[in-house]
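Peer 1:
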Amino acid sequence: MKSNVIVNFYAVGFIGLFILGSTLVQAKEENDLSWLRFISEKSYDGKSNDLVTAGLGIEAMENGVVPQFSDSLVPTSEELRRNSIFTKGTAGFGVIYGPNVDASTGSLVNNELIAGSEIMAYADNGSGDENVSLLLQVPKRFDWETPCVLAVPVAGSASLFRDIATIGYWGLQKNCAVTYTDKGLGNGFHDLENDTVTRFDGIRLTAQDAGIDSLFTADIADDQRHSFLNNYPHRIAFKHAHSRQNPDASWGRDVLRSIQFALFQLNRLRPSPDFSQGIKESG
47 MKSNVIVNFY AVGFIGLFIL GSTLVQAKEE NDLSWLRFIS EKSYDGKSND LVTAGLGIEA
107 MENGVVPQFS DSLVPTSEEL RRNSIFTKGT AGFGVIYGPN VDASTGSLVN NELIAGSEIM
167 AYADNGSGDE NVSLLLQVPK RFDWETPCVL AVPVAGSASL FRDIATIGYW GLQKNCAVTY
227 TDKGLGNGFH DLENDTVTRF DGIRLTAQDA GIDSLFTADI ADDQRHSFLN NYPHRIAFKH
287 AHSRQNPDAS WGRDVLRSIQ FALFQLNRLR PSPDFSQGIK ESG
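All the letters of the sequence shown, read from the start, carry residue numbers 47 to 329 under this note's numbering.
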């Protein structure tokens, strides 16, 4: 019989940080993760690249110089990740809060790049229509003896990487894993004119080539699309507005799934003890 494990769990709300305390994770033989579709896993050494600043370092962000693409017409997925993470040094960033600020004391700390792993996945019904984006960051110094997870549902239709340098770093500083979800809102769009869509890593492809890896493909047949464009040329469909799925209604489920995804992956990385088999809040 598998034993229970205490995992500290934190969640970020839209207007502040809420500590929910310890969460009792109860092992179960049955665990339906049929909705989970693994996409990719990458490791960052904390030297040339890292989890919080994409290798830029806090000083580059404080200087406010936006990183450039080697070819702006054909950016790479790593360049897109870096620019999504980039945060300008304004509104107290880097002085009051940020990766170089100790959240406990408010004092400035060394410009340390945090090494670790980054795992991406989709929560979907198998059709590729939902494709709720999930991202898990596990720092190299993750504390397996007192494991903790910070859940960050990103605001609005923002990128998964938007809140890393402003919120996610807080958990990584404390050697916690951080799990993010776009809540099914995403920032993918379908260019109806060129029939191109956004893949999970930001790369633009034709809707056919992207297939079920598309963040969002409008539910419209080719003949309907051409007919529509004849009357309304140069149109773009956004997932939040045009998916017809009302993703706002299920964002709570998606946040819980992001936590299940985190526990499942942490258990995969560290087979024993097992804390992937469900979630139950302790009193």
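Using N, Cα and C, we set each Cβ at its ideal position, and we do this for glycine too.
Quick caveat: nothing in here was measured; it's all calculated off a predicted structure.
Would a C-beta distance cut-off of 7 Å place Met166 and Ile85 closer than the cut-off?
Peer 2: Within the sequence shown, the letter at position 120 stands for residue 166. Within the sequence shown, the letter at position 39 stands for residue 85. Yes, they are a contact pair.
Peer 1: Would Gly232 and Val224 qualify as a contact pair, given that the criterion is a beta-carbon distance under 7 Å?
Peer 2: The residue given as residue 232 occupies position 186 in the sequence shown. The residue given as residue 224 occupies position 178 in the sequence shown. No.
Peer 1: According to DSSP, is Thr212 helix, strand or coil?
Peer 2: Translated into the one-based positions of the sequence shown, residue 212 becomes position 166. Of the three classes helix, strand and coil, the one that applies to Thr212 here is helix, per DSSP.
Peer 1: Taking the alpha carbon of Ser211 as the point to measure from, which residue in Glu87, Ser89 and Ile104 has its own alpha carbon closest?
Peer 2: Your numbering for residue 211 matches position 165 in the sequence shown. Note that residue 211 corresponds to Ala in the displayed sequence, not to Ser. Answer by Cα proximity: Ile104.
Peer 1: DSSP state of Asp237, grouped into three classes?
Peer 2: If you number the sequence shown from 1, residue 237 lands on position 191. Correct three-state label for Asp237: strand.
Peer 1: Apart from the five residues just before and just after Ala308, which ones in its own chain have a Cβ nearer than 8 Å to its Cβ?
Peer 2: If you number the sequence shown from 1, residue 308 lands on position 262. Cβ within range, chain order: Leu182, Val195, Ala197, Ala223 and Thr225.
Peer 1: Report yes if the C-beta distance between Gly230 and Pro293 is below 7 Å; otherwise report no.
Peer 2: Position 184 of the sequence shown, counted from the first residue, corresponds to residue 230. Position 247 of the sequence shown, counted from the first residue, corresponds to residue 293. For Gly230 and Pro293, yes; Cβs fall inside 7 Å.
Peer 1: Should Val178 go down as buried or exposed, given a rule of 16 or more other Cβ atoms within 10 Å for buried?
Peer 2: Position 132 of the sequence shown, counted from the first residue, corresponds to residue 178. By the neighbour-count rule (16 or more Cβ atoms within 10 Å), Val178 is buried.
Peer 1: Does the count of Cβ pairs from the segment 137-151 and the segment 185-192 closer than 8 Å reach three?
Peer 2: no
Peer 1: Only counting the same chain, and skipping five residues up and downstream in sequence, which positions put a Cβ closer than 8 Å to that of Pro279?
Peer 2: Within the sequence shown, residue 279 is the residue found at index 233, counting from 1. Within the same chain, Pro279 has close Cβ partners Glu239.
Peer 1: State buried or exposed for Phe115, treating a residue as buried only when at least 16 other CB atoms are found within 10 Å of its CB.
Peer 2: Sequence index remark: in the sequence shown, residue 115 carries index 69 (1-based). Exposed, because fewer than 16 other Cβ atoms sit within 10 Å of the Cβ of Phe115.
Peer 1: Would you kindly work out how many angstroms separate the C-alpha atoms of Val301 and Pro199, rounded to a whole number?
Peer 2: Locating residue 301 in the sequence shown gives position 255, counting from the first residue. Locating residue 199 in the sequence shown gives position 153, counting from the first residue. If you take the alpha carbons of Val301 and Pro199, they lie about 6 Å apart.
Peer 1: What whole-angstrom Cβ distance do Ile142 and Thr99 have, given they're in contact under 8 Å?
Peer 2: Taking the first residue of the sequence shown as position 1, residue 142 is located at position 96. Taking the first residue of the sequence shown as position 1, residue 99 is located at position 53. About 17 Å separates the two Cβ atoms, so there is no contact after all.
Peer 1: Quick test of your reading: Thr227 and Phe235, contact by CB under 8 Å. State the CB separation rounded to the nearest angstrom.
Peer 2: Locating residue 227 in the sequence shown gives position 181, counting from the first residue. Locating residue 235 in the sequence shown gives position 189, counting from the first residue. Between Thr227 and Phe235 the beta-carbon gap is near 19 Å, outside 8 Å, which marks them as no contact.
Peer 1: Under three-state DSSP, which class holds Leu66?
Peer 2: Numbered from its first residue, the sequence shown carries residue 66 at position 20. Below a pLDDT of 50, predicted positions are generally treated as unreliable, and Leu66, at 38, falls in that range; no measurement from the model is reported.
Peer 1: Which partner residues does Phe246 have in the DSSP bridge list?
Peer 2: Taking the first residue of the sequence shown as position 1, residue 246 is located at position 200. According to the DSSP secondary-structure assignment, Phe246 is paired through a beta bridge with no residue.
Peer 1: I'd like to know if Ala197 contacts chain D, where contact means its C-beta is closer than 7 Å to some C-beta of that chain.
Peer 2: This model lacks chain D altogether, as it is built from one protein chain only.
Peer 1: Nearest-angstrom Cα distance between Leu315 and Phe274?
Peer 2: Here residue 315 is taken as the residue at index 269 of the sequence shown, counted from 1. Here residue 274 is taken as the residue at index 228 of the sequence shown, counted from 1. Each residue's Cα considered, the two are about 49 Å apart.
Peer 1: Who are the near neighbours of Phe207 in its chain, counting only those whose CB is closer than 7 Å to its CB and skipping five residues on each side?
Peer 2: As a working mapping, residue 207 is identified with position 161 in the sequence shown. So the qualifying residues of the chain are Arg127, Ser130 and Ile131.
Peer 1: Can you give the Cα-Cα distance for Ser118 and Ser94, rounded to whole angstroms?
Peer 2: Along the sequence shown, one-based indexing puts residue 118 at 72. Along the sequence shown, one-based indexing puts residue 94 at 48. The alpha-carbon atoms of Ser118 and Ser94 are separated by roughly 22 Å.
Peer 1: I need the boundaries of the beta strand (DSSP E) containing Arg83, first residue and last residue.
Peer 2: The count along the sequence shown starts at 1 and reaches residue 83 at position 37. Start and end: Leu82 to Tyr90.
Peer 1: Can you give me the Cβ contacts of Ala253 inside the same chain, cut-off strictly under 6 Å, excluding the 5 residues immediately before and after it?
Peer 2: The sequence position of residue 253 within the sequence shown is 207, counting from 1. The residues are Asp241, Val243 and Thr263.
Peer 1: Which same chain residues, not among the five before or five after Ile249, have their C-beta less than 7 Å away from its C-beta?
Peer 2: For the purposes of this step, residue 249 is taken as residue 203 along the sequence shown, with counting starting at 1. Only Ser123 meet the Cβ criterion.
Peer 1: Between Pro185 and Asn221, is the Cβ-Cβ spacing less than 7 Å?
Peer 2: The residue labelled residue 185 in the question sits at position 139 within the sequence shown. The residue labelled residue 221 in the question sits at position 175 within the sequence shown. Between Pro185 and Asn221, the C-beta spacing is below 7 Å.
Peer 1: For Glu176 versus Asp170, is the C-beta distance shorter than 7 Å?
Peer 2: Sequence index remark: in the sequence shown, residue 176 carries index 130 (1-based). Sequence index remark: in the sequence shown, residue 170 carries index 124 (1-based). Their beta carbons are under 7 Å apart, which means Glu176 touches Asp170 by this criterion.
Peer 1: Which whole-angstrom value describes the C-beta separation of Tyr90 and Gly138, a residue pair presumed to lie in contact below a C-beta threshold of 8 Å?
Peer 2: Counted from its first residue, the sequence shown places residue 90 at position 44. Counted from its first residue, the sequence shown places residue 138 at position 92. That belief does not hold up - the Cβ atoms of Tyr90 and Gly138 are roughly 26 Å apart, past 8 Å.
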